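Before any comments, here is the structure.
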Amino acid sequence: MFQDPPDPGYDVPARIGDPLSKVFTPALVIDLDAFDRNLMRMKRFVAARGLRLRAHAKTHKSADIAKLQIESGGAVGICSQKVSEAEALVRAGITDVLVSNQIWGEARAARLARLAEHAKVQVCVDDPAQVAQISAAAVAAGVEIGLLVEIDCGARRCGVQPGSEAVTLARLVDASDGLRFNGLQAYQGSLQHIACAEERRVAARSAAKATKTTITALREAGLSCETIGGAGTGSFVLDADLGAVNELQCGSYIFMDADYDRVSEASGERPGGMENALFVLTEVMSRPVPGRAICDAGLKALAVDSGLPRIDVPGLRYTGASDEHGTIEDPEEKLALGNRLMLVPGHCDPTCNLHDFYIGVRDGRVETIWPVTARGKLF
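All residue numbers for the sequence shown refer to UniProt numbering, where the first residue is 1 and numbers rise by one.
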């Protein structure tokens, strides 16, 4: 029988007020001071440029963080990547959400339409068949759904070709019952992690050119774009300067990760000056041989698709992960059993989806515990 509140280590890894030393590991930890600074950096940035921020919740999947981004961080709403993710966040009180992805299937379209009974809902399309399904669902539910026509501006993922193809699809949206043509989705995902500042600038210019060409073609066809959405954490400074988008869809800015350490502006700074705020707290559980330590954070605690986590302690290096173990190279024998380390994850988004809670820490103590509201909402 669990106690109320539950014992740490059963339902939750910590209690509010606990010192960091009492948090059960591995745990997903937010440095709240760094988090707050990132929140304010982006708020000031969009305000100074006259842009809108629609923060991407696929990064954190947390209703608590989304509310902070809207109430304190300058966001007009959020993005989600899946209908179920949007559902979880709307149920928790979010009232303005863009599913910045394509959806398919009558049942999924019906769920999106039901969601529009409780929140302002938008979704991206790149095919007439998607438009037909969403229109039918919106009419059946008696709601209006906003649509963004997605263009492929360089990522070679989703999206129609810029220019005339986008105009044709936008006309269909504009003529369809239950739908509203809201503008363009022009996100170039592949340029976010281009390490070289000049190469990233070239890719951003190409995306902006394709976007501006499409905006002009739409205007000539009598269609205006309320929203031109795009930009990510790696490109938002460039995209703002290039002037093609008016709504930024950054997600990782709130946390950052080790992979973004490679991405810098021409000045040498990270984009927007953002700093690491997300860590995986881990504990040394074994010292099997000299020069090697084993910690309790492996593949079930952090994502390694973009590289292994970083340890900000000279002489220590995380060198390998299995399900429940992380191998640390420790040639100077610095670590002992029970020593704790804060790992900077290689990729923040999928790391967050592995945990049930964020442990918010300030001045060495747990200040808040936030559920990962939409964890596992992949459909």
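Glycine included, C-beta positions come from ideal geometry on N, C-alpha and C. The model shown is predicted, which means the values in this text are computed figures rather than measured ones.
- [ ] Would you list the residues sitting across from residue 321 in a DSSP beta bridge?
- [x] The sequence position of residue 321 within the sequence shown is 321, counting from 1. Note: residue 321 sits in a beta bridge opposite 326.
TODO: Within its chain, find whatever has a CB closer than 7 Å to the CB of residue 3; leave out the 5 residues flanking it on each side and keep chain order.
DONE: Here residue 3 refers to the residue found at position 3 of the sequence shown. Confidence at residue 3 is low in this model, with a pLDDT of 46, below 50, so the placement of that residue should be treated as unreliable; the coordinate-derived value is given next. Result list for residue 3: empty, nothing under 7 Å.
TODO: Look up residue 315 in the DSSP assignment and say whether it is helix, strand or coil.
DONE: Position 315 of the sequence shown, counting from 1, holds the residue named residue 315. Coil at residue 315, not helix or strand.
Open item on the list: Given a cut-off of 8 Å on the beta-carbon distance, is the pair residue 19 and residue 365 in contact?
Closed with: To locate residue 19, count along the sequence shown from 1; it is residue 19. To locate residue 365, count along the sequence shown from 1; it is residue 365. Yes, they are a contact pair.
- [ ] Count the other C-beta atoms from every protein chain shown that fall within 10 angstroms of the C-beta of residue 227, then say buried if there are 16 or more, exposed otherwise.
- [x] As a position in the sequence shown, residue 227 is number 227, starting the count at 1. Within a 10 Å sphere around the beta-carbon of residue 227 sit 16 or more other beta-carbons, which makes this residue buried.
- [ ] Answer yes if the region 59 to 69 comes into contact with the region 88 to 107, meaning at least three C-beta pairs across the two stretches below 8 Å, and no otherwise.
- [x] yes
Task: For residue 261 and residue 381, the rounded distance between their alpha carbons - done: Since the displayed the chain opens at 1 and closes at 379, residue 381 lies outside it and no answer follows.
Open item on the list: Here's a check: name, in chain order, each residue in its chain whose Cβ is nearer than 7 Å to the Cβ of residue 258, leaving out the five neighbours to either side.
Closed with: For this step, residue 258 is matched to residue 258 along the sequence shown. If we look at residue 258 and ignore the five residues flanking it on each side, its Cβ neighbours are 307, 309, 310, 344, 345 and 346.
Open item on the list: Less than 8 Å between the beta carbons of residue 164 and residue 217, yes or no?
Closed with: Taking the sequence shown and counting its residues from 1, the one referred to as residue 164 is at position 164. Taking the sequence shown and counting its residues from 1, the one referred to as residue 217 is at position 217. A contact, by the Cβ cut-off of 8 Å.
Task: Neighbourhood of residue 360 by C-beta distance below 6 Å, restricted to the same chain and skipping five residues each side - done: Here residue 360 refers to the residue found at position 360 when the sequence shown is read from its first residue. These residues qualify, in order along the chain: 30, 32, 367 and 368.
Open item on the list: Need the endpoints of the beta strand (DSSP E) that residue 31 sits in, please.
Closed with: Looking up residue 31 in the sequence shown gives position 31. Residues 27 to 31.
TODO: Measure how close the beta-carbons of residue 249 and residue 272 come, nearest whole angstrom, since I'm counting them as under 8 Å.
DONE: Residue 249 sits at position 249 when you count from the first residue of the sequence shown. Residue 272 sits at position 272 when you count from the first residue of the sequence shown. Going by Cβ atoms, the distance from residue 249 to residue 272 rounds to 14 Å, so no, they are not a contact pair.
TODO: Name, in chain order, the residues that DSSP records as bridge partners for residue 8.
DONE: Reading the sequence shown from its first residue, position 8 is the one you call residue 8. For residue 8, which the question treats as bridged, DSSP gives the partners 12.
Open item on the list: Less than 8 Å between the beta carbons of residue 53 and residue 76, yes or no?
Closed with: Position 53 of the sequence shown, counting from 1, holds the residue named residue 53. Position 76 of the sequence shown, counting from 1, holds the residue named residue 76. Yes, the pair counts as a contact, with Cβ atoms nearer than the cut-off.
- [ ] Could you tell me whether the region 194 to 201 touches the region 145 to 161, using the rule of 3 or more Cβ pairs below 8 Å?
- [x] no
Task: Straight-line gap, residue 80 to residue 270 (C-alpha atoms, nearest Å) - done: Locating residue 80 in the sequence shown gives position 80, counting from the first residue. Locating residue 270 in the sequence shown gives position 270, counting from the first residue. Each residue's alpha carbon lies about 25 Å from the other.
Open item on the list: Give me, in chain order, the residues of the same chain whose beta-carbon lies closer than 6 Å to that of residue 175; leave out the 5 immediate sequence neighbours on both sides.
Closed with: For this step, residue 175 is matched to residue 175 along the sequence shown. Excluding residues within five positions, none has a Cβ falling inside 6 Å.
- [ ] Look at residue 179 and residue 147 and say whether their C-beta atoms are less than 8 Å apart.
- [x] Start at 1 with the first residue of the sequence shown, and residue 179 comes out as number 179. Start at 1 with the first residue of the sequence shown, and residue 147 comes out as number 147. Their beta carbons are under 8 Å apart, which means residue 179 touches residue 147 by this criterion.
- [ ] Please name the residue, chosen from 132, 86, 203 and 231, that lies closest to residue 171 on a Cα-to-Cα basis.
- [x] Numbered from 1 along the sequence shown, position 171 holds the residue referred to as residue 171. Residue 171 has its Cα closest to that of 132, out of 132, 86, 203 and 231.
TODO: Mind checking which residues open and close the beta strand (DSSP E) that includes residue 356?
DONE: Here residue 356 refers to the residue found at position 356 of the sequence shown. Where residue 356 is concerned, there is no enclosing beta strand (DSSP E), given that its DSSP letter is neither H nor E.
Open item on the list: DSSP has residue 380 in a bridge; who is on the other side?
Closed with: As displayed, the chain neither begins before 1 nor continues past 379, which places residue 380 out of reach and without an answer.
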